[in-house]
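Residue numbers (my numbering): 20 to 261.
Notes follow once the structure below has been shown.
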C-alpha cells in the first residue's frame, strides 16, 4: 500500500486542536442533515446533495458530493472567491464547470477521459469535525466498476476541507489499495473569481508557452510577464536542466 497527498491552502491555518466536536454528516435527498457544528448536508443545484461549511465568523463554503467539487468559498464580507461558469450544469451528465474540480488519475488529455474520472463520480462523507469553531469535512472516493473500466487499479482518495474566517485549506490524499503499483497525475483545478484588469503573471522567461487556443502543438518562448486581456488557455513549461 502506498499513499501520496497534496494540499492547497490560502493561507496556512495553524489550527490548535482545542474545543473539538466530532461527528458525521450524511447526504439525504429530501432533507437537511447535520450532527457536527458548522457542517450540514443539504440539497443544491439540480437537487444534488452538497456539504455546507459555516464558520461562526461568517465565512461559508459549499462542496458538491458529485465530483467532490468545492464550488463556493465566501469570506465574511460576503464575497465569493471562487468562480463557477454561468453555463455550468448540475445534472451528473458532465463535470461541474468551476470551483475546485478534481483531476485524477490524469491531468489534461491522455489515455483516458480529459482530467480523469474523479470529477464525474459521487464522493461520500466519511468524517466531519469542528476545531475551535472551524468546520472540517472529509470526502471519500474509491475504485468501482466505472473507474475500473478505464483505469484498472484499486485506490482510495480522501479529500479534506477546512474552513476558517479568512482561509480555506484542502488536502487530497491518494492511497494505492491494489496489489500492483500505479502512476497518476492529479490537480485541484481551481477557478478563482478575479478581474483580469491589472492582473499579470511574472517569472515566465525561459519557459515554453503552449497556447492551446492558437496552436496546441508548438510551444514558443515565453515572455517574462504575461497580461491576460482576453480568453486564454496557456501552459508554461520550464525546460529540464541536464
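Built from N, CA and C at the ideal position, the CB exists for glycine as well.
- Query: Just how far apart, CA to CA, sit residue 245 and residue 230?
  - Reply: Rounded to whole angstroms, residue 245 to residue 230 spans 12 Å at the Cα level.
- Could you tell me which residues DSSP puts in a beta bridge with residue 135? Partner(s): 123.
- Task: State the Cα-Cα distance for the pair residue 247 and residue 219, rounded to the nearest angstrom.
- Result: Cα to Cα, residue 247 sits roughly 7 Å from residue 219.
- Task: Please report the residue range of the beta strand (DSSP E) in which residue 83 lies.
- Result: Run containing residue 83: 79-83, per the beta strand (DSSP E) assignment.
- Query: For residue 100, which residues from the same chain have a beta carbon less than 7 Å from its beta carbon, with the 5 sequence-adjacent residues on both sides left out?
  - Reply: For residue 100, where only same-chain residues beyond five positions count, the Cβ hits under 7 Å are 92, 94, 211, 212.
- Message: For a test of the three-state rule: what should DSSP assign to residue 65, helix, strand or coil?
- Response: Judged by DSSP in its simplified three-state form, residue 65 adopts helix.
- Task: Return the Cβ separation of residue 178 and residue 196 in integer angstroms, given the expectation that the two are a contact with Cβ distance under 8 Å.
- Result: Contact between residue 178 and residue 196 is ruled out by a C-beta separation of about 16 Å, above the 8 Å threshold.
- Query: Between residue 71 and residue 125, what straight-line distance do the alpha-carbon atoms span, to the nearest angstrom?
  - Reply: Going by the C-alpha atoms only, they are around 28 Å apart.
- Task: Provide the residue span of the beta strand (DSSP E) that contains residue 245, from first to last.
- Result: First-last of the beta strand (DSSP E) with residue 245: 244-246.
- Span separating the alpha-carbon of residue 69 from that of residue 225: Rounded to the nearest angstrom, the two C-alpha atoms are 43 Å apart.
- Message: Taking the straight line between their C-alpha atoms, what separation do you get for residue 64 and residue 183?
- Response: So the alpha carbons of these two residues sit roughly 24 Å apart.
- Hey, out of 81, 217, 151, 161, whose CA is closest to residue 118's CA? Nearest C-alpha to residue 118: 81.
- Query: Just the Cα atoms here: how many angstroms apart are residue 170 and residue 96?
  - Reply: Distance from the CA atom of residue 170 to the CA atom of residue 96, rounded to whole angstroms, is 43 Å.
- Message: Cutting at 6 Å between CB atoms, please list the residues of its own chain near residue 111, excluding the five before and the five after it.
- Response: So the list reads 85, once near-sequence residues are dropped.
- With 16 other CB atoms within 10 Å as the buried threshold, where does residue 121 fall? Counting Cβ neighbours within 10 Å, residue 121 comes out buried, since at least 16 surround it.
- Message: Closest to residue 164 by C-alpha separation, out of 181, 174, 149, 74, would be which residue?
- Response: Between residue 164 and the set 181, 174, 149, 74, the nearest pair of CA atoms involves 174.
- Can you give me the Cβ contacts of residue 134 inside the same chain, cut-off strictly under 6 Å, excluding the 5 residues immediately before and after it? The answer, listed in chain order, is 122.
- Item | Own chain, CB closer than 6 Å to residue 73, minus 5 neighbours either side, in chain order | Same-chain partners within the cutoff: 57, 79.
- Message: Less than 9 Å between the beta carbons of residue 87 and residue 142, yes or no?
- Response: It is a contact, given that the beta carbons lie within the stated cut-off.
- Item | CB contact flag (residue 144, residue 160, <9 Å) | Cβ distance not < 9 Å, so residue 144 and residue 160 don't count as in contact.
- Item | DSSP bridge partner residues for residue 59 (one or two, in chain order) | Looking at the DSSP output, residue 59 bridges to 71.
- Starting from the C-beta of residue 162, find all residues in its chain whose C-beta is less than 7 Å away, skip the five residues before and the five after it, and write them out in chain order. Excluding positions up to five away in sequence, the list reads 172, 173, 174.
- Task: Check whether the Cβ atoms of residue 90 and residue 115 lie closer than 9 Å to each other.
- Result: Yes, these two residues count as a Cβ contact at 9 Å.
- Task: Give the secondary structure of residue 154 by DSSP, where H, G and I count as helix, E and B as strand, and everything else as coil.
- Result: In the structure shown, residue 154 sits in a strand (DSSP, three-state: E or B).
- Query: Within 10 angstroms of its Cβ, does residue 128 collect 16 or more other Cβ (buried), or is it exposed?
  - Reply: Classification for residue 128: exposed.
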